[in-house]
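Colleague: Before we start, here is the structure in question, set down as structure tokens.
Chains as they are written, first to last, in our numbering: chain Z, 2 to 116; chain X, 25 to 141.
This is how it looks when you write it as structure tokens:
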């Protein structure tokens, strides 16, 4: 079963507008959530993270929102730029100890920002 | 910090051959992870090292796979008797809790693309 779900395989937005990427999870043991950006033939690039004790984290144009009761998080990019076009992965990690902070990823959402 | 590096970037091999990949983590990152990514999927966890100790292996890691991190620095992932189903991108990531860093934030290398013919 998929513990981290990104239900939108693709999203297309206009340059300058807001991009909203969504992610749902099922495992209540997840404590940390991360977003990665991936270009073809490259490894994932870390963008932003959030701990379950927070509901919002902001870094420049990127903001992540976490709704623990709904087991839902979203990444907002504003304003969107053509260089943001990539596949975005949502990932989650349980708290340490035996979990070793290994990440569980969603299948990704392809974002296309049109000039 | 210099980033995570992986070598080779691409490997084409014939079924039944052995292959070995290398990962150099970010300097002083004591935690090292291997993941595998296939087309249309997100990366999937394979194994985890803390310093030189291999502390966790996924059930995805069959007996044909072995990983080492002999001195707690670089790591190698070997696949013996490769099969076509092993074709994937193999990703290495590292993290640390030293210096107040968030241990759950993993930084990935560029990956090794394996094609088994």
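The beta-carbon is built from N, C-alpha and C at its ideal position, and this holds for glycine as well.
Bear in mind that the values here come from a model prediction, so they are computed numbers and not experimental data.
Quick one: what's residue 98 of chain X bridged to in DSSP?
Modeller: Its beta-bridge partners do not exist; DSSP assigns none.
Colleague: Would the beta-carbon of residue 100 of chain X fall within 8 Å of that of residue 52 of chain X?
Modeller: No, the Cβ-Cβ distance between residue 100 of chain X and residue 52 of chain X is not below 8 Å.
Colleague: Output the distance between the C-alpha atoms of residue 80 of chain Z and residue 73 of chain X, rounded to the nearest integer angstrom.
Modeller: Taking the straight line joining both Cα atoms gives about 39 Å.
Colleague: Residue 43 of chain Z touches chain X at which residues, Cβ-Cβ below 8 Å?
Modeller: Within chain X, the residues near residue 43 of chain Z are 134 and 135.
Colleague: From the DSSP output, in three-state form, read off residue 108 of chain X for me.
Modeller: In this structure, residue 108 of chain X counts as helix in the three-state DSSP scheme.
Colleague: What does residue 80 of chain X touch in chain Z if you count any residue whose Cβ is under 9 Å from its own?
Modeller: Neighbours of residue 80 of chain X on chain Z, chain order: 99, 100, 101 and 103.
Colleague: Run through the segment 46-78 of chain Z for me and flag every whole beta strand (DSSP E) of 3 or more residues, listed as ranges in chain order.
Modeller: You should have 46-52, 57-60, 63-68 and 73-78.
Colleague: If we count the other Cβ atoms within 10 Å of its Cβ and call it buried at 16 or more, is residue 117 of chain X buried or exposed?
Modeller: Buried, since its Cβ has 16 or more Cβ neighbours within 10 Å.
Colleague: Does chain Z have any CB closer than 8 Å to the CB of residue 69 of chain X?
Modeller: So yes, residue 69 of chain X belongs to the interface.
Colleague: Scan the segment 116-140 of chain X and note each continuous beta strand (DSSP E) run of 3 residues or more that stays entirely inside, going in chain order.
Modeller: Those beta strand (DSSP E) runs which fall completely within the segment 116-140 of chain X and span 3+ residues are 136-140.
Colleague: Cβ of residue 99 of chain Z within 8 Å of Cβ of residue 6 of chain Z?
Modeller: No, these two residues do not count as a Cβ contact at 8 Å.
Colleague: Of all the options Z/92, Z/14, Z/11 and Z/36, which has the alpha carbon lying nearest to the alpha carbon of residue 60 of chain Z?
Modeller: It is Z/36.
Colleague: Anything in chain X within Cβ reach of residue 108 of chain Z, meaning under 9 Å, just list it in chain order.
Modeller: Per Cβ cutoff of 9 Å: 64, 65 and 66.
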